[in-house]
Each structure stands twice: as C-alpha cells, then as structure tokens.
Amino acid sequence: HAEVIGRWAAEWRLGPRRRMDECLSPFATVSQTVAGFDFPRHALPDTFHHCGPLRRSSAAARPSRAGDRGRPLVFASLGTLQGARIGLFRAIAMAARELDLQLVVAHGGRLTRQQAASLPGGPAVYDFVRQEEVLARASLAVLNGGLNTVMDSLAAGVPAVLSPLAFEQGAIAARLERAGAGRRVSPFLAGSRRFSRAMRHALQDPSYRAAAGRLRAEIAGAGGVRRAADIVEAVLQTARPVTRADMASQAPARGVA
37 HAEVIGRWAA EWRLGPRRRM DECLSPFATV SQTVAGFDFP RHALPDTFHH
87 CGPLRRSSAA ARPSRAGDRG RPLVFASLGT LQGARIGLFR AIAMAARELD
137 LQLVVAHGGR LTRQQAASLP GGPAVYDFVR QEEVLARASL AVLNGGLNTV
187 MDSLAAGVPA VLSPLAFEQG AIAARLERAG AGRRVSPFLA GSRRFSRAMR
237 HALQDPSYRA AAGRLRAEIA GAGGVRRAAD IVEAVLQTAR PVTRADMASQ
287 APARGVA
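Here it is as structure tokens:
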C-alpha cells in the first residue's frame, strides 16, 4: 500500500504520502455508512458525509420474507475472497437444517460443484446472486462482515450474524452488535452449534429486526449515490471544502432530501 500510494502521489505531484489516511480529501469524505451504525464520534470533520450504500435503488415492491413452505429464508455469503471456506459454509448449512430454515448460499465461484452439492440440508447454492433481490425476501443474513453486504442487509432491514474473517470485518461486527442489529460468531469457534444459537436468537428476538428496521429507515433517508454525486459536484463547482451544513442549506437536488 505504501509503495503504491507513494508512487502515485509522486506521479500526481501531491507531495510525499505513504499512508492511506494521508489520501483523505480535505474537500469532502463520503461514507457508505450511517451515523446510527457507527460508534459515537466526538470530533467528526465537518466535511464528513454519511450517505449510506452507494447503490442504485429499486422502486419495486418488497417481496414476502417467507421462503418455501413458509420457512424463513436465510442468505449466506462470505464475500468474493473468502468463499472457498467450505467448513464455515457447512457449519452454517447444518445450523440452517437444524432450525428448518431455507438457505441460499453465494460463494463467489470459490466452491467446486462437488463441494456445493455436499452442503447439508440441500441449500440453494450459487456462484453469485442479486443480493438486493434475495435480501428483500430474507429474514436473516449470515455473512463474513464485509461492509458492502452488511450495508445491503441493513438497507433491507435484515438482521445479520457475522463471522469476521479479515481486514475491517471485526470492526464491522462490533458496530453491528452495538447497534443491536445482529450477533457475532468467532470464526475460530464457528461450529454449527454456535451458528445455530446465534441464528436462533437473531430470528426469535424481535429486538434485532427492530434495530435493523431503524437502520433501514436511516439508510433510506441518507441520500445514497445521488447524495454522494451532489457532494462531488459541489466540490467540483466550488473548489472548496463542502460541509454538512452546506449540503443541508441546499435545495433538494434530483429528489434527494
């Protein structure tokens, strides 16, 4: 990271830079999170903007959360880099079978056909799925804690069970638990019994869905990709830092409050 940052900083004549935090813009920072999902921030820069997931939103009606034969639907994904972890998928599938849940698995093309067919309970297994469509029907998501999929889950009002594997995923899991919208299962202790217990709690305790619903409402009002585009355009038009107060004082642009 340091080598790449240093090389491009020199190429673009930005001065010496080596760290990622030295790449943050002084004009504006656009975040895919919302304030309700973060820890309390006591010195948030005025140019920091919570916009929620940067996705194209769908105006389609939300399908029923019931799966086949009325069984709750659970979506399981370990992201595009960790989808080869057959042991974790097997533990999740065993837990789903024990709880009589309909399971949809997306592994990012990392499992072989034989591995996919060997998962207990006969879940629906795919390389990739349209996450928004599956989450619109899901009652629970079981994930590795990557920010994009976690935010997609919360945007659908779906609580999650996270088993963080790498990078910032432990920090995402800590935020999810603090928000009350899910539970964390250690990947080092992630057997089917621990997944079953966490999944049962997340499904049966209404507080998890209520918390996910509050975050869904906050995400829906954050502005998303349109709000982010307005901020970028404001920077380009003014050539100065764009604050939250600046954006609040503007008339709603393209339907964004």
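Just so you know, we're using this note's numbering here: the sequence shown kicks off at 37 and counts up by one.
Backbone N, C-alpha and C fix where the C-beta goes; we use that ideal spot for every residue, glycine too.
Nothing here was measured: the structure is a model prediction, and the numbers come from that model.
Rounded separation between V278 and F224 - CA only: 44 angstroms
Beta-carbon within less than 6 angstroms of A71's beta-carbon, same chain only, minus the 5 sequence neighbours each way: which residues are those? H86
Give me, in chain order, the residues of the same chain whose beta-carbon lies closer than 7 angstroms to that of R54; leave out the 5 immediate sequence neighbours on both sides. A38, I41, G42
Note down the Cα distance separating A246 from P81, rounded to an integer number of angstroms. 30 angstroms
Nearest CA to the CA of R146: which residue from G157, A210, I122? I122
Would you please state the rounded distance, in angstroms, between the beta carbons of L171 and S113? I believe it to be under 8 angstroms. Contact doesn't hold; Cβ gap of about 10 angstroms is too wide.
Are the CB atoms of F231 and A120 within a distance shorter than 9 angstroms? no
Sheet register partners of R198 (DSSP bridge): According to the sequence displayed, residue 198 carries Leu and not Arg. For L198, which the question treats as bridged, DSSP gives the partners L179, R220.
Tell me whether V278 sits in a helix, a strand or coil according to DSSP, three-state version. coil
3-residue-minimum beta strand (DSSP E) runs that sit fully inside the region 78 to 151, ordered along the chain: 84 to 86, 109 to 113, 138 to 142
Cα-Cα separation, A45 to R91: 29 angstroms
Can you tell me which of P159, G88, M283, E47 puts its alpha carbon nearest to the alpha carbon of A192? G88
If we call anything under 9 angstroms between Cβ atoms a contact, is L198 one with G181? yes
Assuming contact is defined by CB atoms lying nearer than 9 angstroms, are G157 and L176 in contact in what I supplied? no
Closer than 8 angstroms by C-beta to D282: which residues in its own chain qualify, once you throw out the five before and the five after it? Chain order, please. A270
For T65, the three-state DSSP class (helix, strand or coil): strand
Where DSSP assigns a beta bridge to A160, which residues make up the other side? V140
Could you check what DSSP says for G45 in three-state terms: helix, strand or coil? A small fix is needed here, since residue 45 is Ala in this sequence, not Gly. Here A45 sits in helix by DSSP.
Please state the DSSP three-state secondary structure of S228. helix
DSSP-derived helix/strand/coil call for L239: helix
Can you round the beta-carbon distance between L201 and F73 to whole angstroms, since I take them to be within the 8 angstroms contact cut? In fact, because the Cβ distance is near 20 angstroms, the residues do not count as touching under 8 angstroms.
Can you tell me whether D74 is helix, strand or coil according to DSSP? coil
Can you grab the Cα-Cα spacing for the pair L155 / V110, in whole Å? 15 angstroms
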